[in-house]
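Asker:
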Amino acid sequence: MEKKKRKRRLSRASRSWSVLNYAVCEPNEWTARLIAEDLGDKFNRITSIIKLLLNKGYVVKDAKVGKGRALLPTPAGVEALRTAV
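Residue numbers (our numbering): 149 to 233.
#1: Whole angstroms is fine: what's the gap from L201's alpha carbon to S159's?
#2: Taking just the CA atoms, how far does I197 sit from A171?
#3: Let me know the secondary structure DSSP gives V233 once reduced to three states.
#4: Alpha carbon to alpha carbon, what distance is there between A161 and K215?
#5: Taking the alpha carbon of R181 as the point to measure from, which residue in G205, C173 and K212 has its own alpha carbon closest?
So, in structure tokens, the structure goes:
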């Protein structure tokens with residue numbers, strides 16, 4: 149019998165949760181560069197977190213803001229943020 153892969157929940161202490169929180173609270177306003185500046189984190193670290201969130205289907209890139217694209221949460225992203233532990 150095959151084991152089912154259990155979906156890991158986001159931890160509220162993680163950077164992924166912080167980045168997703170920006171996207172959910174203010175959709176279409178935050179880009180990777182703006183989030184990195186606001187958190188005082190490296191741009192490359194934030195972009196890798198955003199790629200992870202994109203692959204999980206929690207956010208999509210939407211409106212162009214400056215040189216980057218703003219993040220828009222998906223219903224799955226909103227649910228992941230709501231159920232984070």
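Quick reminder that beta carbons are idealized off the backbone N, C-alpha and C, glycines included.
Answerer: This is what the structure holds:
#1: Mapped onto the sequence shown, residue 201 falls at position 53. Mapped onto the sequence shown, residue 159 falls at position 11. If you take the alpha carbons of L201 and S159, they lie about 13 Å apart.
#2: Here residue 171 is taken as the residue at index 23 of the sequence shown, counted from 1. Here residue 197 is taken as the residue at index 49 of the sequence shown, counted from 1. Distance between the alpha carbons of A171 and I197 is about 12 Å.
#3: If you number the sequence shown from 1, residue 233 lands on position 85. The answer is coil: DSSP assigns V233 none of H, G, I, E or B.
#4: Against the sequence shown, residue 215 aligns to sequence position 67. Against the sequence shown, residue 161 aligns to sequence position 13. Their backbone Cα atoms lie some 29 Å apart in a straight line.
#5: Sequence index remark: in the sequence shown, residue 181 carries index 33 (1-based). The candidate whose alpha carbon is nearest that of R181 is K212.
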